Structures are given as C-alpha cells and as structure tokens.
Amino acid sequence: MQAATWRRESISASLNLFNKLETGHYYRVTQCREPGQGSQQVSGGVFFEGDDPVSQALNEAQALAVPTYPPGPHCNALGLTELGHQMIESLMRRGLLIETDHTSVESKEAIFALAESVGYPLISGHTGTGGITTETQKRRIFALGGLVSPFNNQAPALIDELLTLRELIGPETFTAAGFASDAGGLASQPAPRADAGDKPLVYPFTSHDGAVRFDRQVTGERVYDLNVDGVAHYGQYADLLADMAQHEGGDQALEILFGAAEAYLQMWERAETVAAELRESADP
82 MQAATWRRES ISASLNLFNK LETGHYYRVT QCREPGQGSQ QVSGGVFFEG
132 DDPVSQALNE AQALAVPTYP PGPHCNALGL TELGHQMIES LMRRGLLIET
182 DHTSVESKEA IFALAESVGY PLISGHTGTG GITTETQKRR IFALGGLVSP
232 FNNQAPALID ELLTLRELIG PETFTAAGFA SDAGGLASQP APRADAGDKP
282 LVYPFTSHDG AVRFDRQVTG ERVYDLNVDG VAHYGQYADL LADMAQHEGG
332 DQALEILFGA AEAYLQMWER AETVAAELRE SADP
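Residue numbers (our numbering): 82 to 365.
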C-alpha cells in the first residue's frame with residue numbers, strides 16, 4: 082500500500098475508532114449528495130505499528146467489531162439533531178460566525194438551509210479538510226456574503242485555487258478569499274517546490290508594496306530557506322507570498338488574498354445585521 086493511501090486509511094480508521102469510543106457506535110454511512118464528497122471507510126480497521134501507548138490503545142480498541150462497509154465513497158448518515166438546529170439558530174441570533182467545515186454532509190446541508198432561509202453568512206475556513214466543500218457549496222457561501230479559504234499550498238497550486246474561487250464569487254460580493262494553515266492539527270505545511278532548484282525564490286525580496294525587505298529568516302544558527310525547507314514556520318508566509326508573486330497569475334491571486342481581512346469584516350457586519358433582525362422579529 083502506498084504511504085499516502087495508508088496514511089489516509091489509518092486516519093480514517095482512527096477517527097472511526099474514536100467515534101466508537103466516544104459515542105458507542107462506529108460511523109453510520111449513507112450515499113453522498115455530490116461527487117467528490119465522502120471517503121472510503123476501512124472495513125476491519127488498520128493495524129498500527131509500534132509499541133507506543135497510542136498505537137497499542139488503537140489496536141486494542143479494534144478488538145471491538147469494526148463494521149464491514151460496502152464500496153464507497155461513504156458519507157456520515159447523521160445530520161443535525163433537534164438540539165443542533167436550535168444551536169445554529171441561537172448562533173445566528175447572537176451574530177456569531179458559523180464554520181461549516183468538519184461537519185457531516187447532512188449536517189452541512191441543514192446548516193446551509195437554515196442560513197439561506199434568513200440570508201445569514203457562513204464560512205469555510207479551510208475548505209478541503211474535514212470533508213470537501215464542493216463547488217456548489219462554495220457558490221452558496223459566497224452568495225450569502227460568506228468567506229471561503231483554501232488550504233495552504235505551494236505557490237502555483239495556491240494561485241490556481243484562489244483564481245478558481247474568483248470565478249465562483251458573484252458580482253454582488255466582495256472578491257476576496259483567505260488561506261488556512263491548520264497548523265495546530267494533523268496537516269502538513271507546503272514543502273519546497275519540485276522545481277525550486279531551477280526556479281528558486283530569490284533572496285532578498287521585498288514586500289508586495291516594496292516597503293519591507295526580507296532575507297532568509299534566522300533562528301539561532303538555523304537559516305530557513307523556502308527553496309530548501311518549504312514553509313517551516315509561520316514567519317515564512319512572507320516567503321510563500323513572494324513566491325506566488327513570481328508565478329503566472331500570482332499578482333491577481335495576491336489581490337484576492339489581500340482582500341480577505343476586509344471580506345471577513347463585511348461578513349461579520351452582515352452576520353450582525355441579520356442577527357439584529359432575527360432578535361427583533363423574535364421579540365413579542
């Protein structure tokens with residue numbers, strides 16, 4: 082089994098085990114709503130090598146009967162409970178921003194329906210993780226005045242994702258998108274480009290407006306270079322943006338990215354406006 086495939090299946094099996102330990106049952110799956118959604122649930126689990134406590138605990142937990150799943154992809158059959166509906170409605174009345182990532186397909190659809198019934202903006206903070214956000218869903222988020230942020234990637238791929246998002250944003254919506262690192266989770270940050278040796282980011286470089294000069298970042302005796310280390314820490318986001326600028330479409334993608342803060346504020350203003358309307362309509 083290829084390493085990437087094993088990693089996906091091992092993570093899937095781990096989450097299914099945790100779901101069993103937390104809720105008392107393994108994932109209950111159903112047919113997905115749109116192409117690209119869902120994942121292949123592993124039948125019988127995955128053996129974790131190593132004698133560390135986590136691997137041993139996971140292997141012991143698999144003594145519990147893991148279901149045999151039909152061919153996938155599979156989507157979680159569970160959606161919002163009645164209490165979940167009440168929670169989303171309460172969040173909207175309070176003007177709080179609602180993250181749609183890491184929700185099941187059925188839960189996400191219910192959240193969309195509730196938000197669209199009153200015109201409340203939603204956010205996909207790191208689309209493509211915790212379950213894919215489809216093109217249709219991205220359009221629906223933008224139509225509500227929400228914000229979609231692709232996952233962090235190497236410069237050429239991030240440019241492509243941002244320019245693709247631009248085509249999904251309606252003319253009545255501020256044209257902007259962010260990007261997410263998810264560095265606090267299991268996600269990896271962008272590695273050096275395969276062609277970095279032939280087409281490197283040249284140091285030093287200046288900020289987009291030319292006001293700040295950047296050289297390789299140094300911590301103690303360690304010198305960080307995007308061409309060698311990739312994005313090794315948050316400080317190298319400046320390097321990643323400079324790398325975007327030297328690729329085709331980079332300036333247009335950066336324009337979209339640099340509008341993300343304003344788009345976030347406009348989204349929040351929209352949320353507060355709708356929330357005030359909801360509270361007013363609920364008053365006797």
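Glycine residues also receive a C-beta, built at the ideal position from the N, C-alpha and C atoms. On a predicted model such as this, the values are computed, not experimentally measured, just so you know.
Supposed close pair residue i, residue j - CB separation, criterion 8 angstroms
i, j, result
"arginine 274", "isoleucine 337", "About 21 angstroms separates the two Cβ atoms, so there is no contact after all."
"glycine 226", "threonine 245", "Between threonine 245 and glycine 226 the Cβ distance is about 20 angstroms, and since that is not below 8 angstroms, they are no contact."
"serine 230", "phenylalanine 260", "5 angstroms"
"leucine 172", "alanine 236", "The Cβ separation is near 36 angstroms, so there is no contact."
"glutamate 115", "threonine 217", "6 angstroms"
Beta-carbon proximity of residue i to residue j, cut-off 8 angstroms
i, j, result
"valine 312", "proline 271", "yes"
"glycine 373", "glutamine 118", "Only positions 82 to 365 of the chain appear in the structure, and residue 373 is not among them; the question remains open."
"methionine 325", "leucine 335", "yes"
"glycine 176", "alanine 319", "no"
"leucine 228", "isoleucine 204", "yes"
"glycine 340", "alanine 224", "no"
"alanine 94", "tyrosine 201", "no"
"aspartate 241", "glycine 206", "no"
"serine 120", "proline 154", "yes"
"leucine 195", "isoleucine 222", "no"
"glutamine 298", "glutamine 327", "no"
"cysteine 156", "serine 198", "no"
"aspartate 263", "phenylalanine 295", "no"
Limits of the beta strand (DSSP E) - the one that residue i falls within
i, result
"tyrosine 305", "303-305"
"leucine 228", "228-231"
"valine 299", "298-300"
Within-8 angstroms CB hit, residue i to chain D
i, result
"isoleucine 169", "Although the question refers to chain D, the structure presented lacks it and comprises just one protein chain."
Delimiting residues of the alpha helix (DSSP H) encompassing residue i
i, result
"serine 171", "163-174"
"glycine 153", "That residue, glycine 153, is in no alpha helix (DSSP H); it is neither H nor E in DSSP."
"glycine 206", "Where glycine 206 is concerned, there is no enclosing alpha helix (DSSP H), although the beta strand (DSSP E) it sits in stretches over 204-208."
"aspartate 332", "331-339"
"lysine 280", "Neither: lysine 280 is in no alpha helix (DSSP H) and is coded neither H nor E."
"alanine 196", "186-199"
"arginine 274", "Element bounds for arginine 274: n/a, residue is neither H nor E."
"threonine 215", "Where threonine 215 is concerned, there is no enclosing alpha helix (DSSP H), given that its DSSP letter is neither H nor E."
"tyrosine 318", "318-326"
Per DSSP, the bridge partner or partners of residue i
i, result
"valine 110", "Asn157"
"alanine 261", "Phe232"
"glutamate 180", "Ile204"
"arginine 294", "Thr287"
"serine 120", "His155"
Review point. Is it true that the segment 184-192 meets the segment 157-175, where meeting means three or more beta-carbon pairs spaced less than 8 angstroms apart?
Key: yes
Review point. Counting pairs of beta carbons, one from the segment 293-307 and one from the segment 276-284, are three or more of them closer than 8 angstroms?
Key: yes
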